[in-house]
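Chemist: In this note's numbering, the protein residues as written are 1412 to 1639.
C-beta: ideal position from N, C-alpha, C; glycine also.
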Amino acid sequence: MRHIARERIFSLHRMLSTKDSFQRDKYWIRHSNLAGEFIATREKLLSLPLSDEENQIMAKFTITLNTSQPLQSTLAQNAITGNDSKAIAMIEAVSEAQEQSLSYLDILANTQKERNIVNLNRAHDAYQNTVNYLVLITISMFLFGSVLTFYIFNRVSHSARSMLFINRELQTSNYDLEEAKKESEVANIAKSDFLANMSHEIRTPMNAILSVIGILRSGKVGELNETG
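#1: Beta-carbon within less than 7 Å of tryptophan 1439's beta-carbon, same chain only, minus the 5 sequence neighbours each way: which residues are those?
#2: Are phenylalanine 1449 and methionine 1412 closer than 8 Å when you measure CB to CB?
#3: Just mark histidine 1641 as buried or exposed, buried being the case when its beta carbon has 16 or more other beta carbons within 10 Å.
#4: On the DSSP letters alone, give me the boundaries of the alpha helix (DSSP H) that methionine 1469 sits inside.
#5: I want to know whether the segment 1460-1475 touches the segment 1519-1526 - three or more CB-CB distances under 8 Å.
#6: Going straight from the alpha carbon of aspartate 1495 to that of isoleucine 1468, what length do you get?
#7: What's the call for alanine 1451, buried or exposed, on a 16-neighbour Cβ count within 10 Å?
#8: I need the straight-line Cα distance from leucine 1457 to lysine 1471, nearest angstrom please.
#9: Quick check: what's the CA-CA separation for histidine 1569 versus serine 1584?
#10: I'd like the list of long-range same chain contacts for glutamate 1454, defined as Cβ closer than 7 Å, with 5 residues on each side in sequence excluded.
#11: If you draw a straight line from the alpha carbon of glutamine 1509 to that of tyrosine 1544, how long is it in whole angstroms?
#12: Assuming contact is defined by CB atoms lying nearer than 8 Å, are leucine 1420 and serine 1506 in contact in what I supplied?
#13: Just the C-alpha distance for glycine 1639 and glutamate 1596, rounded to the nearest angstrom, thanks.
#14: To the nearest whole angstrom, what separates the beta carbons of glutamine 1480 and leucine 1423, a pair I think is in contact under 8 Å?
#15: Quick one: residues in its chain with C-beta nearer than 7 Å to the C-beta of lysine 1497, no 5 flanking neighbours on either side, listed in chain order?
#16: Leucine 1423 by DSSP, collapsed to three states: which one?
#17: Given that a residue counts as buried once 16 or more other Cβ atoms are within 10 Å of its Cβ, and exposed if not, what is leucine 1575?
#18: Quick check on arginine 1435: buried or exposed, where buried means 16 or more other Cβ atoms within 10 Å of its Cβ?
#19: Which of the three DSSP states is assigned to proline 1616 in this structure?
#20: Can you tell me which of Glu1503, Ala1446, Ile1499, Gly1493 puts its alpha carbon nearest to the alpha carbon of leucine 1476?
#21: By DSSP, does threonine 1583 sit in helix, in strand, or in coil?
#22: Looking at C-alpha atoms only, which residue of Thr1473, Gly1493, Thr1485 is the closest neighbour of asparagine 1428?
#23: How long is the line joining the alpha carbons of proline 1616 and glutamate 1580, rounded to whole angstroms?
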């Protein structure tokens, strides 16, 4: 808006600096077009969300515009109609009114700049808080993961040690069973040998005894004696 406002003043000065009516018409058209752009820009500015302080500044800016705009229109009309003396006499008042309007634009710009700085600081603080929160969450998750991993590792290690102990117990039991089996086999062999020997030792005298008993049962004892 400041650029447009200054261009409008320049177009008025150019109208007064030339005597060519066609050139004056050209600058007057330029001045009118800039007025349309200025009004459109002002409407966009008013449509933005403004604070109470900014609204007060815009109200003062509007009051100065209501003073400067008619002066500029009157000056342009005097220049177009050839009343250069009246136009020249008004140029200073028009410039002062324009500068007063622009001063409120500067105040508005500084106010918005300060508000933007405050909002930027708030955004920065919010961003920093978010970063700190994420860092805290990351550290918490890392610590939780470390504790959980340590717990799982200990449980797995304990289970592995238990399995090794059970495996060793099974191996020991298997070894004892193998030894017992071997001892049983040796005992069976010894028992078989003992029974075989005892059977032989018992059967040999029993043969003689059975023979004698057979002779006694046959009644041939006397005959044997006589024969003898």
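Modeler: If we stick to the structure as given:
#1: Met1426, Ala1487, Ile1491
#2: Taking 8 Å as the Cβ cut-off, phenylalanine 1449 and methionine 1412 qualify as a contacting pair.
#3: As displayed, the chain neither begins before 1412 nor continues past 1639, which places residue 1641 out of reach and without an answer.
#4: 1463-1491
#5: yes
#6: 35 Å
#7: Around the beta-carbon of alanine 1451, fewer than 16 other beta-carbon atoms lie within 10 Å, marking it exposed.
#8: Rounded to the nearest whole angstrom, the CA to CA distance from leucine 1457 to lysine 1471 is 13 Å.
#9: About 22 Å.
#10: none
#11: 52 Å
#12: The question names leucine, but residue 1420 is isoleucine in the sequence shown. Their beta carbons are under 8 Å apart, which means isoleucine 1420 touches serine 1506 by this criterion.
#13: Residue placement at glycine 1639 is flagged as unreliable, the pLDDT there being 49, under the threshold of 50; a coordinate-derived value is accordingly withheld.
#14: Contact doesn't hold; Cβ gap of about 12 Å is too wide.
#15: The beta carbon of lysine 1497 sits closer than 7 Å to the beta carbons of Asn1489 from its chain, once the five residues preceding and following it are set aside; these are given in chain order.
#16: helix
#17: exposed
#18: Counting Cβ neighbours within 10 Å, arginine 1435 comes out buried, since at least 16 surround it.
#19: helix
#20: Ala1446
#21: helix
#22: The residue you asked about is not asparagine; residue 1428 is serine in the sequence shown. Closest option to serine 1428, judged by alpha-carbon separation, among Thr1473, Gly1493, Thr1485: Gly1493.
#23: 53 Å
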